[in-house]
Each structure stands twice: as structure tokens, then as C-alpha cells.
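Novice:
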Amino acid sequence: MLPDFQTDLSGLNHDEALALLVAGSGRGEQVFGLGSALASAMRKVVDALPEGHRAAASDAAQRLLIDPETDLLSHRLVTEELPDTTMIEVRRAVLAGHKLRIHYAATDQTPQWRTVDPIGLVTVRDRGYLLATRSGADRTYRLSRVLAAEELPEPAQRPNRVDLDRIWRERCAQFLSDGDQVTVQVRVNPARREDLVSTAQTVRAEEPDADGWLRLEVTFQDARHAEWALWQLTTDVEALSPQWLRTSLRNRAAAIVSRYGASS
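Mapping to the UniProt record's numbering: the sequence shown position 143 is 143, numbers consecutive.
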């Protein structure tokens with residue numbers, strides 16, 4: 001410990017202490033609505049440093065930039081953030097062990113209110129998820145699709161102790177085994193590899209290709225997901241198989257050429 005360093009952090013409020021605990025997990029403080037609390041907590045920690053070390057820490061902070069918004073080589077993933085009022089209700093219900101009422105917009109469905117028993121919050125690739133149960137059945141909700149939330153006074157029906165990492169792995173495995181998952185062989189420009197991987201469900205294999213590109217075997221949720229993901233990368237990716245995907249992308253490209261190739 002540094003000489004004269006004060007370890008009394010009783011001045012931290014609940015949200016500030018929580019923000020410090022999640023700060024080590026990437027950008028979780030932003031996804032979970034704790035960004036301002038983290039900034040406030042860090043100021044209090046710096047204020048507790050001895051004067052000489054405080055100046056050194058401040059100077060060092062100005063000379064280190066971690067995980068900036070702009071990436072020179074690829075498009076940065078956009079962090080999904082909820083309105084503070086919504087995220088506060090979700091977070092309070094999770095931590096207090098209370099039932100939670102959410103107005104949720106599932107894919108291709110009209111938003112509906114539903115009451116759930118929250119288990120925990122997970123952030124993956126700057127995307128936040130609420131793990132919960134509903135009428136005893138496992139449910140995973142994307143936080144960006146929660147339009148409104150209300151913490152209820154009733155206690156949630158959930159175990160006293162939880163292993164979020166295990167639960168997340170189990171739900172991921174279940175998700176990957178359901179539906180019409182497709183496996184795709186692709187060639188991709190290395191500069192766009194992260195863009196491809198960020199949209200795929202899994203990467204099963206990867207090896208260098210002869211011309212400096214990369215050859216990957218990736219999975220997508222379904223055919224529509226695969227076509228959409230590869231179309232976003234334009235000529236920086238080539239679908240090698242399955243043949244139906246190559247045909248679909250070729251037909252889409254031909255339709256664009258036809259649209260813009262004709263004289264007006």
C-alpha cells in the first residue's frame with residue numbers, strides 16, 4: 001500500500017460501489033446504466049490518494065485511452081443503452097430480488113407487458129441481457145428491447161445463490177441448439193473479420209487463405225440472419241457454402257445492378 005493512502009471508502013454510495021465492482025468487466029457500467037456512478041466513484045478514489053500520487057494518477061489517466069469509440073480498422077459496435085429510469089428499475093429488481101414488470105418488444109411481435117422473476121444481468125459484446133424466469137420457464141431478454149420497466153414489491157421466485165456464468169453457458173447452448181441454425185463457410189478480408197465475427201453466433205474454425213484473406217466456418221441463427229450478415233460486408237466477404245446462400249447473395253446483387261444499371 002502507498003504511504004499515506006486512505007482506504008476508508010465509506011463515502012461511496014451504493015451505485016458507486018456497484019459501478020466499481022462491474023468496471024472490470026469491459027463496458028458493463030455503460031450497459032447497466034452505471035456510467036455516471038463509476039465516474040463519481042473514481043473521483044472519490046482519486047481524492048483519497050496522497051497529494052503526490054494524486055497528480056501522477058491524473059496525468060497517467062490523460063495519457064491512456066482504453067477502448068475508444070472510434071476504431072481505425074473496423075466499425076465499432078454500438079453499446080446498447082437503456083433510458084436511465086428503465087435501467088434503474090431493472091437493476092433494482094435484480095439486486096433486491098423483487099418481481100419485475102417489463103414492456104418488451106420481441107422480434108417481429110407487438111410489444112407486451114409481462115411479469116418476470118429476474119435472476120441477473122449479463123453484458124456480452126456491449127449488449128446487455130436480463131436473465132429471468134416467467135411462470136417457471138427460463139427467459140432471456142435483450143435489454144435494448146425493454147421499452148419500460150417497473151420493480152414490483154413482491155419477492156421474486158429464485159434461488160438465493162446463483163452462478164450466472166453457468167446459467168449463461170447453458171442458455172447459450174440451448175439457444176444454439178434450437179431453431180434453424182445454419183453453418184456457413186466464408187472467405188473474409190482480415191480488416192473486416194471482427195465485423196463478421198460480431199454478427200455470427202459462433203466461429204467453429206478459422207485458417208489463413210492463400211491470398212492473405214481468412215477462411216472461417218461460422219454459424220448463424222437462420223438463413224435470413226446469414227444473408228443479412230454477409231450482405232453488410234459487401235465485397236469484403238465471400239460465401240463459399242452452402243450453395244443456396246451464394247445464389248441468394250448473387251440474386252440480390254443482380255437486382256441492385258439491374259436497378260441502377262438501367263438508364264433513367
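Glycine included, every Cβ here is placed at the ideal spot set by N, Cα and C.
Going by the beta-carbon positions, is the gap between residue 185 and residue 241 smaller than 8 Å?
Specialist: Translated into positions along the sequence shown, residue 185 becomes position 185. Translated into positions along the sequence shown, residue 241 becomes position 241. Going by C-beta atoms, residue 185 is nearer than 8 Å to residue 241.
Novice: Buried or exposed, going by whether 16 or more other CB atoms sit within 10 Å of the CB of residue 209?
Specialist: By 1-based counting over the sequence shown, the position of residue 209 is 209. Exposed, by the Cβ-count rule.
Novice: Measure the alpha-carbon distance for residue 112 versus residue 163 and round it to whole angstroms.
Specialist: By one-based count along the sequence shown, residue 112 stands at place 112. By one-based count along the sequence shown, residue 163 stands at place 163. In a straight line, the C-alpha of residue 112 is about 29 Å away from that of residue 163.
Novice: Note down, one range per segment and in chain order, each beta strand (DSSP E) of at least 3 residues found wholly within the segment 230 to 257.
Specialist: 237 to 241
Novice: So what's residue 25 in DSSP terms, helix, strand or just coil?
Specialist: For the purposes of this step, residue 25 is identified with residue 25 of the sequence shown, where counting begins at 1. With a pLDDT of 48 at residue 25, under the threshold of 50, the predicted position of this residue should be treated as unreliable, and no value is reported.
Novice: Would DSSP call residue 47 helix, strand or coil?
Specialist: Looking up residue 47 in the sequence shown gives position 47. Correct three-state label for residue 47: helix.
Novice: Please report how far the alpha carbon of residue 199 lies from the alpha carbon of residue 188, in whole angstroms.
Specialist: By one-based count along the sequence shown, residue 199 stands at place 199. By one-based count along the sequence shown, residue 188 stands at place 188. Distance between the alpha carbons of residue 199 and residue 188 is about 13 Å.
Novice: Which residue from 86, 110, 108, 117 puts its Cα closest to that of residue 99?
Specialist: On the sequence shown, residue 99 is found 99 positions in, with the first residue counted as 1. If we check each option's Cα against that of residue 99, 117 comes out closest.
Novice: Quick check: does the Cβ of residue 121 come within less than 7 Å of any heavy atom belonging to the ligand COA?
Specialist: Absent from the structure shown: the ligand COA. Ligands present: none.
Novice: By Cβ distance below 8 Å, which residues in the same chain neighbour residue 140 in space, the five residues on each side in sequence not counted?
Specialist: Against the sequence shown, residue 140 aligns to sequence position 140. 129, 130, 131, 132, 171, 175, listed in sequence order.
Novice: Give me, in chain order, the residues of the same chain whose beta-carbon lies closer than 8 Å to that of residue 152; leave out the 5 immediate sequence neighbours on both sides.
Specialist: Sequence index remark: in the sequence shown, residue 152 carries index 152 (1-based). Once the five neighbours on either side are set aside, the close Cβ partners of residue 152 are 93, 98, 99, 100, 101, 115.
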